[in-house]
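J.:
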Amino acid sequence: MTTLHFANARLIDPEALTDAPGSLSVSGGHIAAISGTAPKGARVIDCGGKCLAPGIVDWGVKVGEPGERHRESFRSAGLAAAAGGVTTLIARPDTLPAIDTPELLEFVTRRAAEAAPVRIRHMAALTKGREGREMTEIGFLRDVGAVAFTDCDHVVTDTRVLARALIYARGLGALVVGHPQDADLSHGASATSGKFASLRGLPAAPALAERIGLDRDLGMVELTGARYHADQITTARALPALARAKANGLDVTAGVSIHHLTLNEFDVGDYRTFFKLSPPLRSEEDRKAVVAAVADGLIDVISSMHTPQDEESKRLPFEEAAAGAVALETLLPAAMRLFHAGALSLPQLFRAMALNPARRLGLAQGRLATGAPADLVLFDPDAPFLLDRAKLRSKSKNTPFDGQRMEGRVLATFVAGKQVFGEVC
Amino acid sequence: MTFRARHLLGIEQLTPEDIRAVLDLSDRYVELSRRTIKHSDALAGMTQINMFFEASTRTQSSFELAGKRLGADVMNMSVAHSSVKKGETLIDTALTLNAMHPDLLVVRHPASGAVNLLAEKVNCAVLNAGDGRHEHPTQALLDALTIRRAKGRIQRLTVAICGDIAHSRVARSNLILLGKMENRIRLIGPPTLMPTGVAEFGCEVHDDMAAGLEGADVVMMLRLQKERMDGGFIPSEREYYHRYGLDAEKLANAKPDAIVMHPGPMNRGVEIDGELADDINRSVIQDQVEMGVAVRMACMDLLAQNLRAERGRAATGGLYA
């Protein structure tokens, strides 16, 4: 294994929350030293003052394997991830069929390892077929590598089933990821209730459906003592409930998608289906509140919620179109909008995109520290470009940022000290 | 002539001048339609396709008659029963039709925004004949014409819109149009049938019918959209009729010369008393149907003029633009 030395870098350390010039050496796939001079025989990479940060740990990526490989394969998702500075991709189990047996999990684990240049870890379904009736073999699935358990956007409505699954998961120390939405209130909705949705005549769910769903989930966590992560908190009125649960010592964390931090409901405009997400985009007040919650650490994780959809499923009337957007490659440039707007610092962003998700999932990634895996991203936060969706590496091109001016480009990505993207070195 | 639009997708895109232009031309088509020889050649040689993805008798026949009186070749397609059932998407259906070179496409669709989507994919003029809960522009225009002819003006009136506002595209379009023409709007209905965010619409909201009708010049009733509801918005039709059905007693709260409107088809005994609906001194419901044909003639005439001008510019390479 070669030794690398990154000289003249701007080190973004999400643990110490520092952003300072420095250098870093890599040996044997791990970070060998922070600062200091190049070790003997090391290949020196002059970073030219650009940012070096721990690679992004993207929690909640939909890959179309098995079942929808025309939308995204492990290979295309892996290439997109590498180009986006994502070094660990946490895949969702909402596939066809759902990943709910150890056999299936072993299969996708093997496929992912063969096909993708970045690390891929998997979540498994919490209930069989994500149907909310019977828990999966949580023990076996954990043994073959499931990092968390979730039914994704299928909310388990039967609280008795959920209680048993949570208690069983607690016994194994397994993490359960919930989708805080009241399933009945949000049934069939494609927008957030309010003036905009009413004028557009779109079926809508109240923003409070999220708080109601979260309150229920937090009650279940209190009942069972389970380890719980809310996949997406996107509304201002859900935040006090989350803060209370954390203050009361419940083992709870929460995430948010990059789209809910950078877009609002008005972006839908004239029924633009690339802006149809699940949950739907929120008001500007909600967006600002959620950005502030990431800044003060109440919301722990920012993820891409990468959801590839083919052209046909988006070229439909808004309420019939599929929800979701691709974002593996646009996560970092979009996050730079928050940085340039002065809302979040680079260390704060990487705390939410790398350190916190890795910690919560029990992974060693996400840190700029001696001994940590050398999963790194070198990027220029100021490089401007015009986003052309046709150039995305994902098989699906459904990005809401098409044609928009972005700032912030990944220059190179390293996994275990090996370069997987970029030209500089 | 101010009306410059390529399509008629909603009232939202129209200016007050556009609206006045449509109403003025409509007045002339009302006169034409009352003659024995009801024919003009405004659309002669043009092809109009009525594409209805949702069942409709009144609107479809109104558009058909309007097109025929203007000399267009009119074709009706009830898409609800044909290729859509075989899995064809909206866009494919649109492209198929587009290949037949229609000049005017009249579209109704159960999904909000579907007509906007379709308009992006075809190169003819598209008229929205109702999309989901979004807009129904020709209905709002015909209502405006009816009001203007009955009241002599279409501004500074107090208009009460009553009933199922949440599910009604007619209410959306009327709300926008009446707002643009500077009228005072009141929305009356049970809170479950009010759209969310209604407080920000800039109109008064009432759940008591008597208070809402107080001093109104125009009372617009809406149909209870049973087919658009997914259940449980009102406890029963008889309770709804008791609280929100328009009868002579409730109407007494409005101005003595207030007119009563309904876009049809009516549910007699649910939202409106049958006798009142037929009272020729108060009800203008039959007038609305007549105005409907004239307004649709005017809209199609104006769009056809713009389409011809656009094609002319394209053919001359912008030489005479």
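Taken in order, these protein sequences are the chains called A and B.
My numbering applies: residue 4 is where the first sequence begins, and numbers increase by one.
My numbering applies: residue 644 is where the second sequence begins, and numbers increase by one.
Cβ atoms here follow ideal geometry from the backbone N, Cα and C, with glycine treated the same way.
(1) Looking at the structure shown, is B/Pro899 part of a helix, part of a strand, or coil, going by DSSP?
(2) Any contact between the stretch 892-899 of chain B and the stretch 819-826 of chain B? By contact I mean 3 or more CB pairs, one from each, below 8 Å.
(3) Just to make sure I have the definition right: I need the residues of chain A whose C-beta is within less than 7 Å of the C-beta of B/Ile734. Which are they?
(4) Within its chain, find whatever has a CB closer than 7 Å to the CB of A/Leu226; leave out the 5 residues flanking it on each side and keep chain order.
(5) Please tell me whether B/Asp860 and B/Gly832 are closer than 8 Å, where the distance is taken between their beta carbons.
(6) Anything in chain A within Cβ reach of B/Ala757, meaning under 7 Å, just list it in chain order.
(7) Would you say A/Tyr430 lies against chain B (beta-carbon separation less than 8 Å)?
(8) Note the first and the last residue of the continuous beta strand (DSSP E) segment covering B/Cys942.
(9) Specify, as a first and last residue, the run of the beta strand (DSSP E) that A/Asp383 falls within.
(10) Mind listing the chain A neighbours of B/Leu760? Cutoff is C-beta to C-beta under 7 Å, in chain order.
(11) Between A/Asp1 and A/Ala355, is the Cβ-Cβ spacing less than 8 Å?
(12) Spatial neighbours of A/Ala119 within its chain, please: C-beta separation below 6 Å, excluding the five flanking residues on both sides.
(13) Quick test of the definition: if touching needs 3 or more C-beta pairs under 8 Å, does the stretch 184-192 of chain A touch the stretch 236-247 of chain A?
(14) Please go through the same chain and pick out, in chain order, the residues whose beta-carbon is closer than 6 Å to the beta-carbon of A/Ala194, but skip the five residues on each side of it.
(15) So, are the CB atoms of B/Ile654 and B/Ile819 less than 8 Å apart?
(16) Tell me, please, whether the CB atom of B/Pro838 is closer than 8 Å to any CB atom in chain A?
(17) Is there at least one Cβ from chain A nearer than 8 Å to B/Gly775's Cβ?
(18) On the criterion of 16 or more Cβ atoms from any shown chain inside 10 Å, does A/Thr373 qualify as buried, or is it exposed?
(19) Is there a C-beta anywhere in chain A that falls below 8 Å from the one on B/Glu600?
(20) Taking 8 Å as the threshold (beta carbon to beta carbon), is B/Arg886 in contact with chain A?
(21) A/Glu323 versus chain B: which residues are under 9 Å apart at the beta carbon?
(22) Compute the distance between the beta-carbons of B/Met943 and B/Leu686, then report whether it is under 8 Å.
(23) Could you spell out where the alpha helix (DSSP H) holding A/Arg247 opens and where it closes?
(24) Between the alpha carbons of A/Ala35 and A/Leu55, how many angstroms are there, rounded?
(25) Among A/Leu20, A/Thr6, A/Gly39 and A/Val64, which has the Cα closest to the Cα of A/Gly327?
(26) Could you check the C-alpha separation between A/Leu389 and A/Val294 for me, to the nearest Å?
(27) What residues match up with A/Gly487 in a beta bridge as DSSP calls it?
(28) Hey, quick one: how far does the beta strand (DSSP E) through A/Leu414 stretch, first residue to last?
(29) Use the C-beta contact count for B/Lys869: other C-beta atoms within 10 angstroms, 16 or more gives buried, fewer gives exposed.
(30) In chain order, what residues of the same chain have a beta carbon less than 6 Å from the beta carbon of B/Gly773, not counting five sequence neighbours either side?
(31) Quick one: grab the DSSP three-state call for B/Asp973.
(32) Distance check for A/Ala419 and A/Gly31, CA to CA, integer angstroms please.
(33) I'd like to know whether the C-beta of A/Ser201 is nearer than 8 Å to at least one C-beta of chain B.
(34) Using the DSSP secondary-structure output, state which residues sit across from A/Met138 in a beta bridge.
(35) Since B/Leu748 sits in a beta bridge, which residues does DSSP pair it with?
(36) With which residues is A/Leu92 paired in a DSSP beta bridge?
T.: On the basis of the data shown:
(1) In this structure, B/Pro899 counts as coil in the three-state DSSP scheme.
(2) By the C-beta criterion, the stretch 892-899 of chain B is judged not to be in contact with the stretch 819-826 of chain B, since fewer than 3 inter-stretch pairs fall below 8 Å.
(3) Under the 7 Å cutoff, chain A gives Arg318.
(4) Taken in chain order, the residues that qualify are Ala166.
(5) No.
(6) Contact of B/Ala757 with chain A by beta-carbon distance below 7 Å involves Pro320.
(7) The question about residue 430 of chain A has no answer, for chain A in this structure spans 4 to 428.
(8) No beta strand (DSSP E) contains B/Cys942, which is instead part of the alpha helix (DSSP H) from Ile928 to Ala958.
(9) Run containing A/Asp383: Leu379 to Leu389, per the beta strand (DSSP E) assignment.
(10) In chain order: Tyr274 and Pro320.
(11) Any question about residue 1 of chain A goes unanswered here, given that chain A covers just 4 to 428.
(12) Cβ within range, chain order: Phe77 and Gly81.
(13) Too few Cβ pairs lie closer than 8 Å, so no.
(14) Closer than 6 Å at the Cβ level, and outside the excluded window around A/Ala194, lie Ala200, Leu205, Ala207 and Pro283.
(15) With contacts defined by Cβ atoms closer than 8 Å, B/Ile654 and B/Ile819 form a contacting pair.
(16) Judged by the 8 Å Cβ criterion, B/Pro838 is in contact with chain A.
(17) It does: the Cβ of B/Gly775 has a partner Cβ on chain A nearer than 8 Å.
(18) Residue environment analysis places A/Thr373 among the exposed positions, since fewer than 16 neighbouring C-beta atoms fall within 10 angstroms of its C-beta.
(19) With chain B running from 644 to 964 in the structure shown, residue 600 of chain B is simply not present.
(20) Interface with chain A (8 Å Cβ-Cβ cutoff): B/Arg886 is excluded.
(21) Within 9 Å Cβ-Cβ: Leu733, Ala754 and Ala757.
(22) Cβ distance < 8 Å, so B/Met943 and B/Leu686 count as in contact.
(23) From DSSP, the alpha helix (DSSP H) with A/Arg247 extends over Leu242 to Ala250.
(24) So the alpha carbons of these two residues sit roughly 15 Å apart.
(25) When each option's Cα is compared against that of A/Gly327, the closest is A/Val64.
(26) Computed Cα separation, rounded: 24 Å.
(27) Chain A is shown only over 4 to 428; residue 487 of chain A falls outside these bounds and no answer can be derived.
(28) Start and end: Arg408 to Val418.
(29) Answer is exposed; the Cβ neighbour count stays below 16.
(30) Beyond the five residues adjoining it in sequence on each side, B/Gly773 comes within less than 6 Å, by CB distance, of Arg751, His779 and Arg812 in the same chain, given in chain order.
(31) No answer is possible for residue 973 of chain B: the residues shown for chain B start at 644 and end at 964.
(32) The alpha-carbon atoms of A/Gly31 and A/Ala419 are separated by roughly 8 Å.
(33) Cβ-Cβ to chain B under 8 Å: yes for A/Ser201.
(34) Beta-bridge pairing links A/Met138 to A/Thr130.
(35) Among the bridge pairs identified by DSSP, B/Leu748 is matched with B/Ile692 and B/Val769.
(36) Beta-bridge partners assigned by DSSP to A/Leu92: A/Asp61 and A/Ile123.
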